[in-house]
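Below is one structure, written out as structure tokens; comments come after it.
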Amino acid sequence: MANATQTQTQTEVYLFEQVIVLFSCALSFLGSSLIILTYIIWSDLRTTPRKLLVYLSVSDWLSAVSYAFGVWSVFRTNSAECVAQGAISTFANTSSFFWTVAIAVYLYVFIVRANQRVADSLVLVFHLVSWGIPLAITIAAVSLDKIGYDASEVSVGWCWVRINGKDRVLWMLLTGKIWEFLAYLTLPFLYILIKRHIHIAHAALSEYRPILANRPPAHSFSSMADVKLTLIPIIFILLRIWSTVRFILLLANSNVRQNPALVTLHGIGNTLQGAANCVMFVLFTQPIRTRLCAALTSCSQCRREAQHPHRLLPEQDAPAQGREEDSTERGRADR
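Residue numbers for the sequence shown follow this note's numbering, so the first one is -12 and each next one is one higher.
Next up, the structure:
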């Protein structure tokens, strides 16, 4: 890049920004932990899509912890702690992108291609790609001394790619941005195809609906799945777009990237993914919500509902953004 973009400035991270972003990290830490715990506690939730969501949650959990450490510390030098935090967050964040897309690919093959065998066979590939590529990139970046202090120019206190490196843009792309851009394109495309397939299947069955028994629960689950299929790529883009905007502003050498509101949105967007997943796939999932309600409260109504929980079948369960839900090839989906 031109010398004009090789800035030595530093974006000030204010106390209120630290507090807000740390709160966002805490929400993601709790949300990711809850997804993992519900999977461990209730064996009938252990479907392949939910398992993929757990792997994504592990990445989001690690991201939340590493980002929280960085925001709390607000590094100002290339210390060992800075490099370690930058390496962990780089690995976790990149892995999160891959698992987000992996879940969308799994659902596309399972629902649209109607081939569960092929979808399940992809899980090993997902592991190799979603853990292997981020790990290789991170090791290469650390070995070549590319991870370190970035003056919060494309972060919010945490460390990432060294801001004074001549090839910093290349490494910013390799350690996150290029995968972020690909996710922007891939997720909406795959989820649009899945929604289209489900809607076509519903339309094909519409002539039989008048003679079917009352099916409000199934309709409710299908409607919720349809909403989630819409929200997954939208939420992902809304959370991540602020990081992308600041990256583009850095390339343009614009001081707007230091705007406190933009910095705060960047911090929230990069750290809130785990919480967003928890809302969609735990709190907005009736069977899990009912069980949690029964476990955490003494509400008599919750106790009665918990006596007859809805069992999440493999064809009914699926995550997202990640991350959306399984359905039969006729378009039924849980939630």
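Glycine included, C-beta positions come from ideal geometry on N, C-alpha and C.
Residue environment, residue i, which counts as buried when at least 16 other CB atoms sit within 10 Å
i       : result
Thr(-4) : exposed
Ser207  : For Ser207, the predicted structure reports a pLDDT of 48, less than 50, and the residue's modelled location is therefore unreliable. A value from the coordinates is still provided. Exposed, by the Cβ-count rule.
Val105  : exposed
Ile219  : buried
Asp137  : buried
Lys153  : exposed
Ile221  : exposed
Gly135  : buried
Ile187  : exposed
Ile179  : exposed
Arg37   : buried
Asn80   : buried
Pro274  : buried
Ala200  : Because the pLDDT of Ala200 is 49, which lies under 50, any placement of that residue in the model is unreliable, and the number read from its coordinates should be weighed accordingly. Exposed, since its Cβ has fewer than 16 Cβ neighbours within 10 Å.
Arg63   : exposed
Leu323  : This structure cannot settle anything about residue 323, because the visible part of the chain is limited to -12 through 322.
Thr272  : buried
Leu9    : buried
Ser139  : buried
Gly119  : exposed
Arg202  : Because Arg202 carries a pLDDT of 48, less than 50, the predicted location of this residue cannot be relied on, and the following value inherits that uncertainty. Per the 10 Å Cβ criterion, exposed.
Ile185  : buried
Trp229  : buried
Leu2    : exposed
Ala239  : exposed
Of the listed residues the options, nearest to residue i (C-alpha basis)
i      : options                           : result
Arg244 : Ile27, Ala123, Val141 and Tyr1    : Val141
Leu111 : Met267, Ile27, Asp31 and Tyr42    : Tyr42
Gln260 : Lys38, Val52 and Phe3             : Val52
Leu14  : Asn257, Leu283 and Leu279         : Asn257
Ser19  : Asn264, Phe271 and Leu270         : Asn264
Pro121 : Phe97, Lys164 and Val96           : Lys164
Thr77  : Ala123, Ser66 and Val92           : Ala123
Gly73  : Val88, Arg63, Gly57 and Thr87     : Gly57
Leu237 : Leu160, Thr272 and Thr64          : Leu160
Val214 : Asn246, Val8 and Met267           : Met267
Phe176 : Asn65, Ile7, Ile224 and Trp229    : Ile224
Ala127 : Ala281, Ile235 and Thr162         : Thr162
His114 : Val45, Ala282 and Leu2            : Val45
Ala67  : Ile150, Val129, Ala239 and Thr277 : Val129
Trp145 : Arg100, Leu24 and Val61           : Val61
Ile7   : Val156, Thr25, Ile23 and Tyr54    : Tyr54
Thr173 : Ser30, Val70 and Val92            : Val92
Arg100 : His253, Arg183 and Gly254         : Arg183
Leu216 : Trp229, Leu2, Ala262 and Thr87    : Thr87
Thr277 : Val70, Phe16, Gly119 and Trp29    : Trp29
Leu279 : Thr125, Ile22, Phe16 and Leu2     : Ile22
Asn151 : Asn65, Tyr171 and Ile75           : Asn65
Whole-angstrom C-beta distance between residue j and residue i, which should lie under 8 Å
i      : j      : result
Val0   : Val148 : Wrong, their Cβ atoms sit about 17 Å apart, outside the cutoff.
Leu94  : Ile181 : 6 Å
Ser83  : Asp47  : 6 Å
Thr34  : Asp107 : Rounded, the Cβ-Cβ distance is 10 Å, inconsistent with contact.
Ser117 : Phe85  : 4 Å
Glu4   : Val250 : 6 Å
Ile90  : Leu39  : 5 Å
DSSP-derived helix/strand/coil call for residue i
i      : result
Ile134 : strand
Arg317 : With a pLDDT of 39 at Arg317, under the threshold of 50, the modelled position of this residue cannot be trusted; read the value that follows with caution. Coil at Arg317, not helix or strand.
Ser82  : helix
Val61  : coil
Tyr1   : coil
Thr162 : helix
Lys215 : helix
Phe56  : helix
Asp107 : helix
Val156 : helix
Phe113 : helix
Trp29  : coil
Pro204 : Only weak support exists for where Pro204 lies, its pLDDT of 47 falling under 50; the value from the coordinates is given anyway. In the structure shown, Pro204 sits in a helix (DSSP, three-state: H, G or I).
Asn380 : For the chain, the structure presents residues -12 to 322; residue 380 sits outside this window and is missing.
Arg100 : coil
Ala239 : coil
Asn264 : helix
Glu140 : coil
Thr77  : helix
Ser11  : helix
Thr34  : coil
Phe66  : Residue identity check: residue 66 is Ser in the sequence provided, not Phe. Reduced to three states, the DSSP call for Ser66 is coil.
Bridge-paired residues (DSSP) for residue i
i      : result
Trp147 : Gly135
Closer than 9 Å to chain D by CB, residue i
i      : result
Ile124 : Within the model displayed, chain D is absent; a lone protein chain is all it includes.
Contact test: residue i Cβ vs the ligand ATP heavy atom, cutoff 8 Å
i      : result
Ile224 : Absent from the structure shown: the ligand ATP. Ligands present: none.
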